């Protein structure tokens, strides 16, 4: 009967699906073609127990961070208090026991609410859909992915009972701070098993999964408490509690008893965990497979399989040895936070050791805390002229016989409809390439770029770790840093490290990953690839130095001898960059507002110069 009802609901939803457009039917066809893929991806993960910590070591082999991924032995549904089940059903999915995996009326309401948007903002998700999203799919909010979610949800309901789905849901939800499952949440936040918590405490941890960042009790306790009270009100609406009982539970003090763990240098440790995912993806071949497929469902499946492999590793407990220089990280963080202390500005910075090509310090944002947006690798911004050494000048010298004294015009210049202006609208006549570089003349740079061509330029750009650059960026605008998303300070510093000696090895923070027995299970290869000839390197280092002595980089200095750098300013002064190298370090610094707006009023303060000077000296 349930299956018949399901088919009827799907038929009734056809008008709604038609509204979603032709992409729906394309995805439906793909789903049918990938039936075995869906079935395989629905295999249950193995039960897990509380994990040992992931221990991070600095360059001195001292522990600086313990990263617990908190799991507990999955609880049987009968062992979960009824009030916990009631809270989640009444707050997340009141029709849970009646629908077939998705609620057509809820989807229709969400579709109407989002009909003028390019992506899905309002949910309409059932508990089954949320389980599917946690276990099988990405979190991208697109109509195509939403449709895949519906198919998965319907299939899941055919395979498992409502009770089994609810049990899986309660055991796999994310409760912030790397805590998964209602049982783990109880022991992590209150150091007691779930059945020993009060109703007030149960409602408190039940408040977290709806938005694990907003309701993170370690950082936003008041938000969590406010939602706890709303959940208690839900119980009164459904006659689970009386008004008096709800009021009593609201008044009960909430006293957390969180596990103590070493948590130093969150900017660095957060990046290390991301690099760990890249490392495992690279050495298991998943990264290459994911990049090579254009099939969305297959890509989703591969990402799921990779994540399962990573989760299995983390649950076993590992040691990660890194290149962190703790004194430098501490000094850099203190200096940048102090420089930005009286401003709404944000910043990111990456510092690479020239000798080892390792990341010794990384800055993810002002007063960065764990799980914040990490601007050094998660927030690409337009690099402006700071991109020109990589996109234009080094490739130009590498592929032509030109020298820094060769002549190029700085007059008005267009390639097709792309007609850039120079800074402050100044036009130039014939100038040397050295002059064009140190004064950052856009029209001259575009002429050089057009000489070598987009394909030649990208044959060099593609050798670096520019994960933020996409195929659509293969345009003439890229010569001047005009990119779809931009680049990160990590990516730019990484590419500039090729100007140390012409050789390139991707900048890494991880030296090795070992199991608990001390056996190395993952490490990066350390081979270096020759990118630039000695002649190109010498010319580029000279040009970068002239920027500091005679060009846009006046005010930068180094106490270690050599200093070369390039600045970058984007349209309407929304981003300021400086990237360069000394004898010891290669560094890139970005400053700006998280929501881009003009910084022209603070242009003369040269805040990015102050940061660069502070962390390279």
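Numbering (full-length UniProt numbering), first residue to last: 1 to 617. Using N, Cα and C, we set each Cβ at its ideal position, and we do this for glycine too. Keep in mind the model is a prediction, meaning the values are calculated, not measured.
Between residue i and the ligand MN, is the CB less than 8 Å from at least one heavy atom?
i           : result
residue 374 : Ligands in the displayed structure: none, and consequently the ligand MN is not present.
Along the chain, where does the alpha helix (DSSP H) containing residue i start, and where does it finish?
i           : result
residue 286 : 286 to 292
residue 618 : Residue 618 falls outside the range modelled here, since the chain spans only 1 to 617, and no answer is possible.
residue 445 : 442 to 452
residue 616 : 607 to 616
residue 198 : Run containing residue 198: none; DSSP gives neither H nor E here.
residue 545 : 534 to 550
residue 166 : 162 to 172
residue 66  : From DSSP, residue 66 is part of no alpha helix (DSSP H) but of the beta strand (DSSP E) over 63 to 67.
residue 131 : 127 to 135
Let me know if residue i comes out buried or exposed under the rule of 16 or more other beta-carbons within 10 Å of its beta-carbon.
i           : result
residue 196 : exposed
residue 150 : buried
residue 435 : buried
residue 79  : exposed
residue 525 : exposed
residue 238 : exposed
residue 545 : buried
residue 447 : buried
residue 44  : A caution first: residue 44 carries a pLDDT of 46, below 50, which makes its placement in the model unreliable, though a value can still be read off. Residue 44 comes out exposed.
residue 334 : exposed
residue 23  : Per-residue confidence for residue 23 stands at a pLDDT of 47, beneath the threshold of 50, marking its modelled position as unreliable; the derived number appears in the next sentence. With fewer than 16 other Cβ atoms within 10 Å, it is exposed.
residue 338 : exposed
residue 468 : buried
residue 473 : buried
So, at 7 Å on beta carbons, what are the nonlocal neighbours of residue i in its own chain, with the 5 sequence-adjacent residues on each side left out?
i           : result
residue 21  : Caution applies to residue 21, whose pLDDT of 42 falls short of 50 and renders its modelled position unreliable; the value that the coordinates give is listed next. Correct list: empty, nothing qualifies.
residue 266 : 368, 369, 370
residue 192 : 186
residue 613 : 556, 557
residue 299 : 290, 293
Name, in chain order, the residues that DSSP records as bridge partners for residue i.
i           : result
residue 563 : 582
residue 418 : 415
residue 401 : For residue 401, which the question treats as bridged, DSSP gives no partner whatsoever.
residue 353 : 585
residue 227 : Its beta-bridge partners do not exist; DSSP assigns none.
residue 348 : 590
residue 431 : 408
residue 529 : 504
residue 619 : Shown here, the chain extends from 1 to 617; a query on residue 619 therefore has no answer.
residue 152 : According to DSSP, which records beta bridges pairwise, residue 152 is partnered with nothing at all.
residue 554 : 556
residue 57  : 63, 321
Grab the span of the beta strand (DSSP E) containing residue i for me, first residue to last.
i           : result
residue 409 : 407 to 409
residue 511 : 510 to 514
residue 249 : Where residue 249 is concerned, there is no enclosing beta strand (DSSP E), although the alpha helix (DSSP H) it sits in stretches over 243 to 251.
residue 321 : 319 to 322
residue 82  : Run containing residue 82: none in the beta strand (DSSP E); it sits in the alpha helix (DSSP H), 82 to 92.
residue 363 : 359 to 363
residue 188 : Looking at the DSSP string, residue 188 is not in any beta strand (DSSP E); the run it does join, the alpha helix (DSSP H), is 182 to 190.
Report back the beta-carbon spacing between residue i and residue j to the nearest angstrom; my notes put them in contact at under 8 Å.
i           : j           : result
residue 438 : residue 547 : 5 Å
residue 499 : residue 463 : Not a contact, Cβ separation roughly 13 Å.
residue 509 : residue 355 : Wrong, their Cβ atoms sit about 16 Å apart, outside the cutoff.
residue 304 : residue 136 : 6 Å
residue 449 : residue 497 : That belief does not hold up - the Cβ atoms of residue 449 and residue 497 are roughly 22 Å apart, past 8 Å.
residue 443 : residue 410 : 5 Å
residue 384 : residue 101 : Incorrect: roughly 49 Å between the Cβ atoms, too far for contact.
residue 247 : residue 190 : Their Cβ separation, rounded to whole angstroms, is 22 Å, which puts residue 247 and residue 190 out of contact at 8 Å.
residue 560 : residue 582 : 5 Å
residue 88  : residue 206 : 6 Å
residue 527 : residue 505 : 7 Å
residue 127 : residue 93  : 4 Å
residue 404 : residue 543 : 6 Å
residue 501 : residue 537 : 6 Å
Only counting the same chain, and skipping five residues up and downstream in sequence, which positions put a Cβ closer than 6 Å to that of residue i?
i           : result
residue 361 : 328, 329, 332, 351
residue 588 : 350, 489, 492, 493, 579
residue 31  : Note that residue 31 scores a pLDDT of 49, beneath 50, so its modelled location is shaky; the value from the coordinates is reported in the next line. So the qualifying residues of the chain are 151.
residue 252 : 200
residue 575 : 381, 382, 592
residue 49  : For residue 49, the predicted model reports a pLDDT of 47, less than 50, meaning its position is unreliable; a value from the coordinates is still stated below. Result list for residue 49: 73, in chain order.
residue 235 : 241
residue 325 : 59, 360
residue 169 : 127, 131
residue 460 : 395
Whose C-beta lies closer than 8 Å to the C-beta of residue i among residues of the same chain, with five residues either side of it excluded?
i           : result
residue 346 : 340, 365, 366, 375, 591, 592, 593, 594
residue 302 : 286, 289, 290, 293
residue 262 : 63, 64, 65, 66
residue 598 : 572, 573, 574
At least one CB of chain B closer than 9 Å to the CB of residue i: is that the case?
i           : result
residue 216 : No chain B is present in this structure, which holds just one protein chain.
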